[in-house]
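Participant: First the structure, then my questions, so here it is.
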Amino acid sequence: MTKILFTDIDGTLLDDKKQIPFKNRQAIEQLIKEGHKIVLTTGRALSGTIGQAEKLGLTFDGCYIIAFNGAEIYDSYRKETLYKCSIPLDVVSRIFAICEEQNVHVQTYDDKYVLAKEDNAYLRRYCREIVCESKIDPSLPHSLKEEPSKLLLLSYDNPDKLNKMRDLILKAEGATVDSFMSSKGLLEVVLKGTNKGNAIKRLCHILDIPLENSVGAGDGYNDIELIRTAHVGAAMKNAVKEIQEIADYITEADNNEGGLAEVITKFIL
């Protein structure tokens with residue numbers, strides 16, 4: 011019976027130093043060897059996640075990526091996109107205008123870069139923590155040639171301000187987009203209906219794997235639908251309270267101690 015593991019990256023697969031613990035690597039290698047599948051399930055951009063998968067060696071047959079919190083699904087072995095959704099450009103323009111009016115940093119993405127109208131401390135911190143490259147384009151969003159998979163608002167020093175921004179965005183564009191906090195200081199904007207949970211259902215359907223054979227592991231706010239949707243939803247010991255409250259299982263080890271290996275051993279192998 012083939013099983014499929016959907017794992018968040020930061021705080022779940024990786025330790026606090028952004029490295030993969032030896033226990034996790036061992037367990038993943040055994041998972042692949044036994045014919046099961048693993049899906050890096052993240053809010054990160056696809057380009058950066060592909061690089062992360064290559065760095066971690068997760069490009070075997072059976073390795074996949076769900077990026078942008080469910081907006082894109084990618085086969086890491088065959089190097090092909092299996093699914094993609096995006097936000098209409100007119101909606102993007104109006105949300106950028108709302109952010110400018112409220113003096114809140116907003117960024118989006120293309121195939122290679124984080125795109126922003128101006129350089130600032132928020133953007134530099136984000137790129138440093140996620141390990142990605144940025145491109146400054148003062149003519150955004152009008153210069154966008156393709157519809158983006160998501161927008162991201164940043165307010166590290168005043169995260170409560172993002173609650174107001176979420177309300178403003180959903181009041182104006184709630185018929186088209188969803189918006190949610192992925193972590194403190196980060197507000198996501200995606201096409202309505204886009205989340206990790208729906209992407210899990212979609213990929214299981216594509217691969218013809220019953221949802222009953224799925225296991226999800228996460229730690230952050232944007233993992234709520236992942237935990238709810240997977241047949242077994244496992245929260246890391248270091249997960250936020252909201253994740254632990256809905257999880258089927260909470261690991262005894264945290265992300266620094268190989269908590270994901272604990273999940274793999276208990277529910278996959």
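Counting from 1 along the sequence shown, just add 10 to a position and that's the residue number in the numbering used here. Note that beta-carbon positions come from the ideal geometry of N, C-alpha and C, so glycine has one too. Treat the numbers as computed from the prediction; the structure is a model and nothing was measured.
Are Val187 and Ile97 close, meaning C-beta to C-beta below 8 Å?
Facilitator: Yes, the Cβ-Cβ distance between Val187 and Ile97 is below 8 Å.
Participant: Indicate whether Ile274 and Ala257 have their beta-carbon atoms separated by less than 8 Å.
Facilitator: Going by C-beta atoms, Ile274 is not nearer than 8 Å to Ala257.
Participant: Mapping DSSP to helix, strand and coil, what is Ser103?
Facilitator: In this structure, Ser103 counts as helix in the three-state DSSP scheme.
Participant: Going by C-alpha to C-alpha distance, which of Lys181, Lys47, Tyr87 and Gly230 sits closest to Pro220?
Facilitator: Among Lys181, Lys47, Tyr87 and Gly230, the Cα nearest to that of Pro220 is on Lys47.
Participant: Helix, strand or coil for Gln117, going by three-state DSSP, please let me know.
Facilitator: Gln117: strand per DSSP, three-state reduction.
Participant: Spell out the partners DSSP gives Val200 in its beta bridges.
Facilitator: Its beta-bridge partners are Lys160 and Asp188.
Participant: Can you list, in chain order, the residues of its chain with a C-beta nearer than 7 Å to that of Ser180? Leave out the 5 residues immediately preceding and following it.
Facilitator: Checking the sequence, you will find Leu at residue 180 rather than Ser. Answer for Leu180: Ser189, listed in chain order.
Participant: Taking all protein chains shown into account, do 16 or more other C-beta atoms lie within 10 angstroms of the C-beta of Lys89, making it buried, or fewer, making it exposed?
Facilitator: Exposed.
Participant: For Ala182, which three-state DSSP category applies?
Facilitator: DSSP places Ala182 in helix when its eight states are reduced to three.
Participant: Hey, quick one: how far does the alpha helix (DSSP H) through Lys251 stretch, first residue to last?
Facilitator: From DSSP, the alpha helix (DSSP H) with Lys251 extends over Lys251 to Ile256.
Participant: Could you name each continuous beta strand (DSSP E) segment of 3 residues or more that falls completely within the stretch 11-44, going from the start of the chain to the end?
Facilitator: Listed in chain order, the complete beta strand (DSSP E) runs (minimum 3 residues) inside the stretch 11-44 are 14-17.
Participant: Which partner residues of Glu90 appear in the DSSP bridge assignment?
Facilitator: Answer is Asp85.
Participant: Using 8 Å for Cβ pairs, my map puts Tyr231 next to Val200. What's the rounded Cβ distance?
Facilitator: Contact doesn't hold; Cβ gap of about 14 Å is too wide.
Participant: Any idea what DSSP makes of Leu133, helix, strand or coil?
Facilitator: The answer is helix: DSSP assigns Leu133 an H, G or I state.
Participant: Taking C-alpha atoms, which residue in Lys43, Asp218 and Asn205 lies nearest to Asp18?
Facilitator: If we check each option's Cα against that of Asp18, Asn205 comes out closest.
Participant: Could you have a look at Ile237 and say whether DSSP puts it in helix, strand or coil?
Facilitator: Ile237 falls in the helix class under three-state DSSP.
Participant: Based on the DSSP secondary-structure assignment, which residues constitute the bridge partners of Ala209?
Facilitator: Ala209 is not bridged to any residue.
Participant: Looking at C-beta atoms only, is the number of pairs between the stretch 73-83 and the stretch 51-58 that lie closer than 8 Å three or more?
Facilitator: In short, these stretches touch, since the Cβ pair count reaches three.
Participant: Who are the Cβ neighbours of Leu125 in its own chain at under 7 Å, not counting the five residues just before and after it?
Facilitator: Within the same chain, Leu125 has close Cβ partners Gln117, Thr118, Tyr119, Lys145, Asp147 and Leu150.
Participant: Cβ of Ile260 within 8 Å of Cβ of Lys13?
Facilitator: The answer is no: Cβ separation not under 8 Å.
Participant: For Ala271, I'd like the list of residues in its chain whose CB is within less than 6 Å of its CB, leaving aside the five on either flank, ordered along the chain.
Facilitator: The residues are Lys33, Asn34 and Ala37.
Participant: What's the C-alpha gap between Gly184 and Ile105?
Facilitator: Computed Cα separation, rounded: 11 Å.
Participant: Return the residue from the list Met11, Lys43 and Tyr84 that minimises the CA-CA distance to Ala63.
Facilitator: Nearest option by C-alpha distance: Tyr84.
Participant: How is the beta strand (DSSP E) around Ser144 delimited, first residue to last?
Facilitator: Unbroken beta strand (DSSP E) run through Ser144: Ser144 to Ile146.
Participant: Comparing alpha-carbon positions, which option in Ile234, Glu252 and Gly228 lies nearest Ala245?
Facilitator: Among Ile234, Glu252 and Gly228, the Cα nearest to that of Ala245 is on Gly228.
Participant: Find out if the Cβ-Cβ distance for the pair Ile216, Leu92 is shorter than 8 Å.
Facilitator: In contact: Ile216 and Leu92 (Cβ atoms closer than 8 Å).
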